[in-house]
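Heads up: the structure comes next, in structure tokens.
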Amino acid sequence: MLALNQLNQLPEGLVVVSGASRGIGRELVTLLLSSGFEVVTLSRQACNPAENLIALGVDLSDETGLGKAIETLKDVLNGRPVAALVNGAGAVEPLGALIHQSASDLLRALCLMAVAPAQLAAAIAPHMPSGGRILNMSSRSAQSTFQGLGAYCMSKHALHAVSESLRHDLRPELAVAELIPGEVDTGMQASLREPDPADFPLASFFRANRANLIPADLAARFCYWVLTQTTTETFNRSEPWFIYDRAHQPFWVAEGADFPYTAP
Ligand SMILES: NC(=O)c1ccc[n+]([C@@H]2O[C@H](COP(=O)([O-])OP(=O)(O)OC[C@H]3O[C@@H](n4cnc5c(N)ncnc54)[C@H](OP(=O)(O)O)[C@@H]3O)[C@@H](O)[C@H]2O)c1
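Count along the sequence shown from 1, add 50, and you get the number used in the working numbering.
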């Protein structure tokens, strides 16, 4: 752990993480708390109580829920500085052809993965000191489109536009980046394996790729390193941070450990 935590680059303040009740977000919060950060989490299921953790139970997938989440967040922040926002909440549902999805399901996906990150950033940025960071959890689905994942691809493509816009719109002393955590062993991947391949052909790929899944705690180490250990100039970039990038692995993979996972 020491190699991962040599030099904190974040300014003073809390870290806000959406999508922290399970998966990569939960592991990231564990790392942040064990390093002494105070953390506020946002997800429908509130996280288990812990010292220095404020866990808010909120639904970010519609306008009403998002509005309530932002009001509650402002109340708990009570003017305190925020060092970083991690927009991690996401869902692959609804699966299947985009043309078969209802408008309300498409809007929920878009709200969760693009509108909420934009609105949370807008609400939090005024509380960020110079050097504050926004990290958006991206995906290969932000760059390509996959059959049966149309709603997710639409939303992650939109998140990329949100990230670029935030870089244009926010104070220049704030930094924005996207991160692709790779194929990670979480509930999200289980949701991609479970459907009948007759309905969702990519289920066969996700079943076959199971042995190549990155453990969630390892993916979180990469997120933690990007978020807290890179310099502001390095962190702030248009190209997403990519977990399979071998050039960065010596900085965050534990000494002596291996990273045998390959980009599909
Ligand atoms: N796992 C992968 O292979 C992979 C690959 C590329 C990118 N990613 C991205 O990485 C991020 C984390 O993924 P993960 O694999 O850790 O997913 P996960 O285990 O399914 O966790 C998703 C998180 O998002 C929260 N969430 C979902 N719907 C929500 C809603 N309506 N309102 C508020 N929170 C909501 C969930 O909490 P509640 O259910 O309690 O609300 C949960 O904490 C996502 O943005 C995902 O797109 C993952």
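Glycine is no exception: its CB is placed at the ideal position from the N, C-alpha and C atoms.
| Distance between beta carbons of Pro251 and Gly198, contact taken as under 8 Å | For the purposes of this step, residue 198 is identified with residue 148 of the sequence shown, where counting begins at 1. For the purposes of this step, residue 251 is identified with residue 201 of the sequence shown, where counting begins at 1. The pair is a contact, with the Cβ atoms about 6 Å apart (cut-off 8 Å).
| query | Taking contact to mean at least 3 C-beta pairs separated by less than 8 Å, is the stretch 172-179 in contact with the stretch 124-141? | reply | yes
| query | Can you give the beta carbon distance from Ile184 to Leu224, rounded, assuming they're within the 8 Å contact cut? | reply | Locating residue 184 in the sequence shown gives position 134, where the first residue counts as 1. Locating residue 224 in the sequence shown gives position 174, where the first residue counts as 1. At roughly 7 Å, the Cβ-Cβ gap stays under 8 Å, so Ile184 and Leu224 are in contact.
| query | Would you report the Cα separation of Val303 and Pro144, rounded to the nearest angstrom? | reply | Position 253 of the sequence shown holds residue 303. Position 94 of the sequence shown holds residue 144. C-alpha separation (whole angstroms): 34 Å.
| query | Just the Cα atoms here: how many angstroms apart are Leu52 and Ala119? | reply | The residue labelled residue 52 in the question sits at position 2 within the sequence shown. The residue labelled residue 119 in the question sits at position 69 within the sequence shown. In this predicted model, Leu52 has a pLDDT of only 42, less than 50, meaning its place in the structure is not dependable; the value taken from the coordinates is given anyway. If you take the alpha carbons of Leu52 and Ala119, they lie about 35 Å apart.
| query | For Thr91, which of helix, strand or coil comes out of DSSP? | reply | Indexing the sequence shown from 1 puts residue 91 at position 41. In the structure shown, the three-state DSSP call for Thr91 is strand.
| How should Ser288 be labelled, buried or exposed, when 16 other C-beta atoms within 10 angstroms of its C-beta is the threshold for buried? | Start at 1 with the first residue of the sequence shown, and residue 288 comes out as number 238. Answer is exposed; the Cβ neighbour count stays below 16.
| task | Just the C-alpha distance for Ser85 and Glu62, rounded to the nearest angstrom, thanks. | result | For the purposes of this step, residue 85 is taken as residue 35 along the sequence shown, with counting starting at 1. For the purposes of this step, residue 62 is taken as residue 12 along the sequence shown, with counting starting at 1. In a straight line, the C-alpha of Ser85 is about 13 Å away from that of Glu62.
| field | Beta carbon of Ile104 nearer than 8 Å to that of Val126 | value | Here residue 104 corresponds to residue number 54 of the sequence shown, with the count starting at 1. Here residue 126 corresponds to residue number 76 of the sequence shown, with the count starting at 1. In this structure, Val126 lies closer than 8 Å to Ile104 by Cβ.
| query | Excluding five sequence neighbours on each side, which residues of the same chain lie with their C-beta closer than 7 Å to the C-beta of Gly69? | reply | Position 19 of the sequence shown holds residue 69. Within the same chain, Gly69 has close Cβ partners Gly75, Ser93, Gly138, Ala139 and Gly140.
| said: Considering only their Cβ atoms, is the gap separating Gln59 from Thr236 smaller than 8 Å? | reply: For this step, residue 236 is matched to residue 186 along the sequence shown. For this step, residue 59 is matched to residue 9 along the sequence shown. No, the Cβ-Cβ distance between Thr236 and Gln59 is not below 8 Å.
| Which residue comes first and which comes last in the alpha helix (DSSP H) that contains Ala171? | Counting from one through the sequence shown, the residue named residue 171 turns up at place 121. Per DSSP, Ala171 belongs to the alpha helix (DSSP H) from Ala166 to Ile174.
| task | Buried or exposed for Arg158, please, with buried defined as at least 16 other CB atoms from any protein chain shown within 10 angstroms of its CB. | result | Residue 158 sits at position 108 when you count from the first residue of the sequence shown. Per the 10 Å Cβ criterion, buried.
| said: Under 8 Å: do the stretch 149-164 and the stretch 208-217 share three or more Cβ pairs, one atom per stretch? | reply: yes
| message | Using the Cβ count rule (16 or more neighbours within 10 Å means buried), how would you classify Ala192? | response | Counted from its first residue, the sequence shown places residue 192 at position 142. Classification for Ala192: buried.
| query | DSSP state of Ile293, grouped into three classes? | reply | Your numbering for residue 293 matches position 243 in the sequence shown. Coil at Ile293, not helix or strand.
| query | Name the DSSP bridge partner or partners of Arg183? | reply | Counted from its first residue, the sequence shown places residue 183 at position 133. BP columns for Arg183 point to Ala134 and Ala225.
| said: At the level of alpha carbons, what is the spacing between Gln169 and Leu216? | reply: The residue labelled residue 169 in the question sits at position 119 within the sequence shown. The residue labelled residue 216 in the question sits at position 166 within the sequence shown. The straight-line gap from Cα to Cα measures roughly 10 Å.
| field | Local conformation of Ala266 per DSSP, three classes | value | Your numbering for residue 266 matches position 216 in the sequence shown. DSSP places Ala266 within a helical segment (H, G or I) once states are collapsed to three.
| field | Euclidean distance between Cα positions of Ala261 and Val276 | value | Taking the sequence shown and counting its residues from 1, the one referred to as residue 261 is at position 211. Taking the sequence shown and counting its residues from 1, the one referred to as residue 276 is at position 226. Roughly 25 Å between the two C-alpha positions.
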